[in-house]
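Trainee:
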Amino acid sequence: MRRRTRSRPPIAVAILAALAVVFFTVPVVGLLQRAPWSELIDDLTDPVVRDALRLSLVCSLGATALAFVLGLPLAWVLARTQVPGRRVVRALVLLPMVLPPVVGGVALLLAFGRRGLVGQYLDDWLGIRLPFTTWGAILAEAFVAMPFFVIVVEAGLRSLDRRYEEAAATLGARGFTTFRRVVLPLIAPSLVAGAALTWARALGEFGATILFAGNLQGETQTMPLAIFVELQTNLGGAIALSLVLLAVSVVVLVSLRDRWFPA
Amino acid sequence: MRRALVAIVAFAIVAFGAAPSAGATGKKPSGEITVFAAASLTESFTAIAKQFEKRYPDVSVKFNFDSSSNLAAQIQQGAPADVFASADEANLQKTVDSGDVTAKPAVFAENRLEIAVEKGNPKKVRGLTDLDRSGLVVVLCADAVPCGKYAAEVFANAGVNVSPASKEENAKATLSKVSLGEADASVVYVTDVKAAKGDVTGVKIPDRQNVIAAYPIAAVKGSANSAAAKAWVRFVQSKTAQSTLRRFGFLPA
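Line by line, the protein sequences are chains A and B.
Letter 7 of the first sequence, counting from 1, is numbered 6 in numbering that gives the first Met the number 0, and no numbers are missing.
Letter 93 of the second sequence, counting from 1, is numbered 92 in numbering that gives the first Met the number 0, and no numbers are missing.
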């Protein structure tokens, strides 16, 4: 009985909560009701849209791969070692999550641009230029998205029972073998969740990309940039691309539902 | 229960019921106006706003500077603009065609294009025909943006085929890539180079290759403060504002 009365919220709370739901729902409905369903195929095969789709796939997967290569070791260091300044490092890793992406773009430009802190040497010594290249777009996305991978995987490593590793070690497995054969399979769910979050965030990256990598069809113009530009001239194309990103978001949400909404 | 309802109603009044205090009815313009203006007008309109607010102390002017094509799209989607000043006639015409602007647009200034290069012109760019040089990093405005459209015309006039490294969202963003040293050259307005005050060097484009960019202005139909909006449109065409525009490098219309 008591539980019943509790499960009904006060009317004022219910109204405000309902307003919040409406606030989240209406924009999605607004997008869907303007969708040019009959011309969707035409809109999606438009060269600008097609290039943006392809490039977004390349860049977001590239950023996710970079997160694996650099983020996995970092997560391991943060979770398993006692290096001094670990908390500072973690704060630095988390910074891009709260930093406005546009600021990230400016920072990347001043660091890796042609006149940047590091970029000038990349240019002078190695002839590597990152702005206005697909590599630049990948880097911008990785900067913004990699923290998601690091924190999810670090949490996964922390919650792992270390006795599995100790058992493997007593059976003669060396460090890397233990990591590959025991740890990696055990943290696979974290890896998948981290990668999915990273990929979704990379896919949606706008501010850092347009500032650092510029905006050129087929080279650096990813889906969010194309939506921004197309909105001025080709509303149908912009909505079609928005629908693709909406669909991707829904898929990511559904596939990670167990992680986010545990029963 | 009742108290909760009262609270909600009070909240709703505060949140949504802010009464427009615009002086649309009074004789003297007052209140606030939002002017949507091409990014290339940033410096000149900011200066003109100071003169305007001196003349009309009860009016405060806010700006939304962006590419004219973006502004036109925003106005068509119902953005709360009182005045639209575009860097080309096509984008203002778009808002006329969609019924968002019913007033007759007036051309209040003209602009020309110029090549902007890094300070001191280290790559020795002499003219448009140098811009297709391989290894030269050129950034332009996006195709939909007026300065991008004008740049395409200028290249056609010069018979040169430029492949840019990036197409930026407006004239200011394009210029900033040159002043930051990321790009070697761009084609923007004369007024942008002037406003950059030595951060970039300008290379003149001869008249026979150049275009004339006409800037039209009009009050927006849905304006909540049409008296002040009309006052702004008139003021921009006044002697005071025209001499300010001239000072920033614009040509008289």
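All C-beta atoms, glycine included, are put in the ideal place defined by N, C-alpha and C.
All of these numbers come straight from a predicted model, not from anything done at the bench.
Shorter than 7 Å, the distance from the beta carbon of SER165(B) to the closest heavy atom of the ligand SAM, or not?
Mentor: Among the ligands in the structure shown, none appear at all, so the ligand SAM cannot be discussed.
Trainee: Can you find the residues in the same chain that come closer than 6 Å, C-beta to C-beta, to LYS123(B), ignoring five residues on each side of it along the sequence?
Mentor: Within the same chain, LYS123(B) has no close Cβ partners at all.
Trainee: Which one of TYR163(A), PHE142(A) and LEU56(A) has the shortest CA to CA distance from VAL92(A)?
Mentor: Closest by alpha carbon: PHE142(A).
Trainee: Could you confirm whether any beta carbon from chain B is found closer than 8 Å to the beta carbon of PHE131(A)?
Mentor: Yes, because at least one Cβ of chain B sits closer than 8 Å to the Cβ of PHE131(A).
Trainee: State the Cα-Cα distance for the pair VAL138(B) and LEU130(B), rounded to the nearest angstrom.
Mentor: Cα-Cα distance, rounded: 10 Å.
Trainee: Around the C-beta of ALA166(A), are 16 or more other C-beta atoms found within 10 angstroms, so that it is buried, or is it exposed?
Mentor: It is exposed - the Cβ of ALA166(A) has fewer than 16 other Cβ atoms within 10 Å.
Trainee: Helix or strand or just coil, what does DSSP make of THR200(B)?
Mentor: Note: THR200(B) maps to strand in three-state DSSP.
Trainee: Out of curiosity, what's the CA-to-CA distance linking VAL12(A) and ARG256(A)?
Mentor: Spanning the two alpha carbons is a distance of roughly 26 Å.
Trainee: Looking at C-alpha atoms only, which residue of SER175(B), LYS166(B) and ALA230(B) is the closest neighbour of VAL58(B)?
Mentor: Nearest option by C-alpha distance: ALA230(B).
Trainee: Kindly say whether PRO166(B), judged by its beta-carbon, lies nearer than 8 Å to any beta-carbon of chain A.
Mentor: The sequence as given places Lys at residue 166(B); Pro does not occur at that position. Closer than 8 Å: yes.
Trainee: Could you tell me whether the region 184-195 of chain A touches the region 121-135 of chain A, where touching means 3 or more Cβ pairs closer than 8 Å?
Mentor: Contact between the region 184-195 of chain A and the region 121-135 of chain A is absent, because fewer than three Cβ pairs lie under 8 Å.
Trainee: How far does the beta strand (DSSP E) with VAL137(B) in it reach, from first residue to last?
Mentor: Run containing VAL137(B): 137-140, per the beta strand (DSSP E) assignment.
Trainee: In terms of alpha-carbon separation, which member of SER6(A), ARG89(A), ALA62(A) and PHE67(A) lies closest to SER189(A)?
Mentor: Comparing Cα positions, the closest option is PHE67(A).
Trainee: What do you get for GLN32(A), buried or exposed, if any count of 16 or more other CB atoms within 10 angstroms of its CB means buried?
Mentor: By the 10 Å Cβ count, GLN32(A) comes out exposed.
Trainee: Please state whether the Cβ-Cβ distance between PRO28(B) and ALA227(B) is less than 8 Å.
Mentor: Contact flag set, yes.
Trainee: Taking C-beta to C-beta, are VAL100(B) and VAL219(B) nearer than 8 Å?
Mentor: Contact: yes.
Trainee: Just how far apart, CA to CA, sit LEU77(A) and LEU129(A)?
Mentor: Spanning the two alpha carbons is a distance of roughly 29 Å.
Trainee: Helix, strand or coil for ILE216(B), going by three-state DSSP, please let me know.
Mentor: Strand.
Trainee: Measuring straight from C-alpha to C-alpha, what distance separates ARG54(B) and ALA108(B)?
Mentor: Whole-angstrom Cα-Cα distance: 21 Å.
Trainee: For ASP160(A), does the count of other Cβ atoms within 10 angstroms reach 16, so buried, or fall short, so exposed?
Mentor: It is exposed - the Cβ of ASP160(A) has fewer than 16 other Cβ atoms within 10 Å.
Trainee: Would GLU168(B) and SER85(B) qualify as a contact pair, given that the criterion is a beta-carbon distance under 8 Å?
Mentor: Going by C-beta atoms, GLU168(B) is not nearer than 8 Å to SER85(B).
Trainee: Have a look at TYR188(B) and LEU250(B) and give me their C-alpha separation to the nearest angstrom.
Mentor: One C-alpha to the other measures close to 12 Å.
Trainee: Going along the region 136-148 of chain B in order, which residues come within less than 9 Å of chain A, judged by CB to CB distance?
Mentor: So the close ones are VAL136, VAL138, ALA141, ASP142, ALA143 and VAL144.
Trainee: Buried or exposed for GLY29(A), please, with buried defined as at least 16 other CB atoms from any protein chain shown within 10 angstroms of its CB.
Mentor: Exposed: under 16 other Cβ atoms inside 10 Å.
Trainee: How about SER85(B): is its C-beta nearer than 8 Å to some C-beta of chain A?
Mentor: For SER85(B), the answer is no, since every Cβ of chain A falls outside 8 Å of its Cβ.
Trainee: Would you kindly report the start and end of the unbroken alpha helix (DSSP H) that includes GLU52(B)?
Mentor: Counting along the chain, the alpha helix (DSSP H) containing GLU52(B) begins and ends at 41-54.
Trainee: Between which two residues does the beta strand (DSSP E) harbouring LEU112(B) extend?
Mentor: Note, LEU112(B): beta strand (DSSP E), 112-117.
Trainee: In three-state DSSP terms, what is ASN214(A)?
Mentor: Three-state result, ASN214(A): coil.
Trainee: Cβ closer than 9 Å: which chain B residues qualify as neighbours of ARG113(A)?
Mentor: Going along chain B in sequence order, the residues near ARG113(A) (Cβ under 9 Å) are VAL136, LEU179, GLY180, GLU181 and ALA182.
Trainee: Check the Cβ of LEU108(A) against every Cβ in chain B and list those closer than 8 Å, keeping chain order.
Mentor: Per Cβ cutoff of 8 Å: LEU179 and GLU181.
Trainee: Against chain B, with Cβ distances strictly below 8 Å, would VAL228(A) count as a contact?
Mentor: Yes, contact with chain B.
Trainee: For the beta strand (DSSP E) that contains ASP65(B), what are its first and last residues?
Mentor: Counting along the chain, the beta strand (DSSP E) containing ASP65(B) begins and ends at 58-65.
Trainee: Could you give the C-beta distance for GLU42(B) and PRO215(B), rounded to a whole number, given that I count them as a contact under 8 Å?
Mentor: 19 Å between Cβ atoms; not a contact.
Trainee: Helix or strand or just coil, what does DSSP make of VAL124(B)?
Mentor: Reduced to three states, the DSSP call for VAL124(B) is coil.
Trainee: Using the Cα positions of VAL192(B) and THR200(B), report the straight-line distance between them to the nearest angstrom.
Mentor: So the two alpha carbons sit approximately 7 Å from each other.
Trainee: Hey, how far is the Cα of ALA71(B) from the Cα of PHE131(A)?
Mentor: If you take the alpha carbons of ALA71(B) and PHE131(A), they lie about 27 Å apart.
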